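Enquirer: Take this structure first; my questions come after.
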Ligand code: NA
Ligand code: NA
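Residue numbers (my numbering), protein chains in the order written: chain U, 1 to 160; chain B, 161 to 487; chain Z, 488 to 916.
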């Protein structure tokens, strides 16, 4: 049950984050093209900002669930055979991850409330910013949960 | 509040470079004067930025920093009552404009408490925006279709009313955009054009008496930090703030603007002064902006028309009082 | 100062306990900030930094350049690049390793990430090298080293991050990376030749290709040349900003991939998702570094360090040697992106005050990151290869990179002695 909910949620987030990256690509390309004809996309700059942010936060639970955050694995080679020590390291690392994401999510939600109260808006593209901060907050909470249920093995494929 | 004769160190989050005139010629000397006036009880510690430029008012309000300098138009629609100073045809002399601005704001807008959660130490303008272009349109009608970078909403309305295509972008992209011909020009003050080395890309500038617009800068301290300071020290700081600060900082800007204008001419830029018939045309096109502001500000519980009338009269009064010209 | 040192110790402890780098920096950053100004302010600072770092126009180049590399990868261009290089140098001793370096350098011209370059080259070059009886050390060493070129030859995620952190012109940084990137590839080729001279059996020669075969292979390079020409040529010729170049480049890569019929709807969405996941990990390390940096800032650590250094009263070149030494040591134990993010806010103001050029220093730092990517015990490129080539022991891989680290040190020395290698091209812009 929980597994199937998680799997569906993951697919949904995968599609959402893909949609945002497509949006970034086409807004950026479209703006350059349209500008040549003196018709730049209104608020292209703000739409890009929002799309990058939404893409990153939507991908965050996936990153956490796949355990793809970059970490230093010096100790794992040394402690690979000591099971209880592996578990200790795992519990500490997962616990801290969950706490940090939960708190950051809470603060992002509050930031959304403040955006809402002060009427913060993307002025040229004409939409309010609060929903995007709330979205970021919810994604951090999902990441906190994902951090607790993620598989123990570590994939590390992303970096500069 | 209770007066505590304690030592207070104020964290000033400074997002302009440490070598910038705002830091070197304005904030640091002012901080030194504050320290002396309070006999060392109030110290100001300058820190590199703790957040984005646009975030600084909220950083202070939420106690991340104790003090900060910020620009009103970076938070569009957040400070509608300050926007009258961004209207066209005010005063090119930064001192005259700033003092009239401060007096008007104090008299009519202070009660509305737009800077809630903080104590407003001063607000001023660094100069006036004039129109800088890559190519040289001969008349106002030639502005039609010109791609222009806009820093904020009021300037966007100005460029729309003049038939220009507005492209919004951060100042950091402006140089890239003008040098690559992505934009045909921008509204800018003299010293920014010099500071960002943009003269070779914008050989023309159009000047309207009083400027097309202006940007409003301000300095705040959080209520929390302010209340830690004893009443005697507050009074000492107040003596260095408000109109005294406004005059002091705006004078530095005014001097820089004079020097920058000379440099622009030296660099061989062509100045097109808008006057006579075309000025009348420009006035006619931009006239509605003032009434739009009056309508908007009126909803915030201030007598906006009276404030605007007072400000316009004050521009001449301050010019006479200081013995300086308005433009 | 004391509180910052305690925080640094806690940070390293958390990293040792395998807390993800981004999370560790967030935890210590928020905790440390709270100890100075209280938790509510620290929480606000964290949310503000997280929101604004991620919702950034300037950083939209990162996902776009990653997407461009991923799409080009789908188009299977990397394999053709390798075949092309092999046709020309395969008959030499160590020819496959040289072909790896050349094709890795060419792939770098359309891919902004070192790890992606290393992983791609590992999948393509290793099977051939295995077939010809190459020594595992030379094989994995040349792949790991060729991969590092990904962040020197433009486009480069590392140069983007450096540019954003220091507000240096990203377009100029990209152009400045061209000559050092080519220099790096040449020195790596030298390293292969030297190492196969010392151990002749480590890289036997392959067969010589005819000029007809060589000419045929040349055609496959077209796509890369066109894309690199549009993106980097567009920046160099002032046609568009780096941010816009990334948009144009990713659409160009999509067009190439579609034209070659290498994309299904499913694989397209896989590529988009992979790109988002890769970008999100990078962005979150940026967020962590930003928040940790804010704490270091409030704690007055930077100012204390600067006055400490000023007290040393050393000449600028000696300070630069110390800085380089610091990076080499840090680079052994720190993951490359975190090293950049942890050090730049502290080191960069110092470097400026010593009178060094920001663009030149950016290239030096990226060269040092390239070294960090392959030095033990934490060498990300080698780790990545371990995932791609599970049969080769880690120890063997690290042994194989020795000659390439030496080549990098020679490159650093050349860049120090001849700053013109870096500054000449951007000077012409
Ligand atoms: Na590259
Ligand atoms: Na290393």
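Note that the Cβ used here is the ideal one computed from N, Cα and C, for glycine as well.
Fair warning: this is a prediction, and the values are worked out from it, not measured in the lab.
Between residue 913(Z) and residue 653(Z), is the Cβ-Cβ spacing less than 8 Å?
Expert: Contact flag unset, no.
Enquirer: Alpha carbon to alpha carbon, how far is residue 612(Z) from residue 170(B)? Give it in angstroms, no decimals.
Expert: Their Cα atoms are separated by approximately 59 Å.
Enquirer: What residues in its chain sit with their C-beta under 7 Å from that of residue 620(Z), if we drop five residues either side in the sequence?
Expert: Contacts found: 691.
Enquirer: Who are the Cβ neighbours of residue 159(U) in its own chain at under 8 Å, not counting the five residues just before and after it?
Expert: Unreliable placement is indicated for residue 159(U), whose pLDDT of 44 sits below 50; the coordinate value is still reported in the next sentence. So the qualifying residues of the chain are 70.
Enquirer: Helix, strand or coil for residue 242(B)? Go by DSSP, reduced to three states.
Expert: Helix.
Enquirer: Roughly how many whole angstroms lie between the Cα atoms of residue 6(U) and residue 871(Z)?
Expert: Roughly 28 Å between the two C-alpha positions.
Enquirer: From residue 486(B) to residue 220(B), what distance separates their C-alpha atoms?
Expert: About 34 Å.
Enquirer: Where does residue 276(B) fall in DSSP's three states?
Expert: Three-state result, residue 276(B): coil.
Enquirer: Taking a cut of 9 Å between CB atoms, which residues from the segment 308-334 of chain B lie near chain U?
Expert: Cβ contacts with chain U: 310, 312, 313, 316, 325, 326, 327, 328, 329, 330, 333.
Enquirer: So residue 285(B) packs on residue 376(B), CB below 8 Å; how close in whole Å?
Expert: Right, the Cβ-Cβ distance comes to about 6 Å (below 8 Å), so this counts as a contact.
Enquirer: Pick out whichever of 627(Z), 628(Z), 689(Z), 645(Z) has its Cα sitting closest to the Cα of residue 828(Z).
Expert: The shortest C-alpha separation from residue 828(Z) is found at 645(Z).
Enquirer: Please give me, in chain order, every unbroken run of the alpha helix (DSSP H) with length at least 4 that falls completely inside the segment 424-478 of chain B.
Expert: For the segment 424-478 of chain B, whole alpha helix (DSSP H) runs of length 4 or above, ordered along the chain, are 436-446, 448-458.
Enquirer: Expressed to the nearest angstrom, what Euclidean distance is found between the alpha-carbon atoms of residue 118(U) and residue 238(B)?
Expert: Straight-line Cα distance between these residues: approximately 7 Å.
Enquirer: According to the neighbour-count rule (16 or more other Cβ atoms, all chains shown, within 10 Å of its Cβ), is residue 626(Z) buried or exposed?
Expert: It is buried - the Cβ of residue 626(Z) has at least 16 other Cβ atoms within 10 Å.
Enquirer: DSSP three-state label for residue 160(U), please.
Expert: The predicted position of residue 160(U) is uncertain, since its pLDDT is 48 and thus under 50; a value taken from the coordinates is nonetheless stated next. Three-state result, residue 160(U): coil.
Enquirer: What residue range is occupied by the uninterrupted beta strand (DSSP E) comprising residue 346(B)?
Expert: Per DSSP, residue 346(B) belongs to the beta strand (DSSP E) from 345-348.
Enquirer: Only counting runs of 4 or more residues, tell me where the alpha helix (DSSP H) segments fall wholly within the segment 350-406 of chain B, in order along the chain.
Expert: Fully enclosed alpha helix (DSSP H) runs of 4 or longer: 350-355, 383-386, 391-400.
Enquirer: Taking a contact to mean a Cβ-Cβ separation below 8 Å, would you say residue 263(B) touches residue 435(B) in this structure?
Expert: No; because the gap between Cβ atoms is not below 8 Å, this pair is not in contact.
Enquirer: If you compare alpha carbons, which of 501(Z), 810(Z), 698(Z), 737(Z) is closest to residue 92(U)?
Expert: Of 501(Z), 810(Z), 698(Z), 737(Z), the residue nearest in Cα terms is 501(Z).
Enquirer: Check the C-beta distance from residue 344(B) over to residue 307(B) and give it rounded, since I have them as a contact under 8 Å.
Expert: Right, the Cβ-Cβ distance comes to about 5 Å (below 8 Å), so this counts as a contact.
Enquirer: Is residue 222(B) helix, strand or coil when you go by DSSP?
Expert: Coil at residue 222(B), not helix or strand.
Enquirer: Taking only heavy atoms of ligand 2 into account, decide whether any of them is closer than 7 Å to the Cβ of residue 830(Z).
Expert: Outside the cutoff, so no.
Enquirer: With DSSP collapsed to three states, give me the class of residue 163(B).
Expert: In this predicted model, residue 163(B) has a pLDDT of only 48, less than 50, meaning its place in the structure is not dependable; the value taken from the coordinates is given anyway. The answer is coil: DSSP assigns residue 163(B) none of H, G, I, E or B.
Enquirer: Take residue 548(Z) and list the residues in its own chain whose beta-carbon comes closer than 7 Å to its own, dropping the five residues that flank it on each side.
Expert: Same-chain partners within the cutoff: 647, 729, 730, 733.
Enquirer: Answer yes or no: do residue 898(Z) and residue 670(Z) have a C-beta to C-beta separation smaller than 8 Å?
Expert: Yes.
Enquirer: Considering only the beta carbon of each residue, do residue 531(Z) and residue 224(B) sit closer than 8 Å?
Expert: Contact: yes.
Enquirer: Ends of the alpha helix (DSSP H) at residue 683(Z)?
Expert: Per DSSP, residue 683(Z) belongs to the alpha helix (DSSP H) from 665-685.
Enquirer: Count the CB pairs spanning the segment 3-20 of chain U and the segment 711-722 of chain Z that are closer than 8 Å, and state whether there are at least three.
Expert: In short, these stretches do not touch, since the Cβ pair count stays below three.
Enquirer: Quick test of the definition: if touching needs 3 or more C-beta pairs under 8 Å, does the segment 405-416 of chain B touch the segment 201-213 of chain B?
Expert: At 8 Å Cβ cutoff, the stretches do not touch.
Enquirer: Which residues in the same chain as residue 781(Z) place their Cβ atom closer than 8 Å to its Cβ, once the five residues preceding and following it in sequence are excluded?
Expert: The answer, listed in chain order, is 516, 520, 532, 536.
Enquirer: Which residue from 425(B), 394(B), 428(B) puts its Cα closest to that of residue 198(B)?
Expert: Among 425(B), 394(B), 428(B), the Cα nearest to that of residue 198(B) belongs to 394(B).
Enquirer: From the DSSP output, in three-state form, read off residue 543(Z) for me.
Expert: Three-state DSSP puts residue 543(Z) in coil, outside helix and strand.
Enquirer: In this structure, does DSSP put residue 760(Z) in helix, strand or coil?
Expert: Three-state DSSP puts residue 760(Z) in a helix.
Enquirer: Once DSSP output is grouped into helix, strand and coil, what is the label at residue 253(B)?
Expert: Residue 253(B): coil per DSSP, three-state reduction.
Enquirer: Throw me the rounded Cβ distance for the residue 552(Z) and residue 736(Z) pair, which I believe falls under 8 Å.
Expert: The Cβ separation is near 7 Å, so the contact holds.
Enquirer: Counting only Cβ pairs nearer than 8 Å, list the residues of chain Z close to residue 223(B).
Expert: Chain Z residues near residue 223(B): 524, 525, 527, 528, 531.
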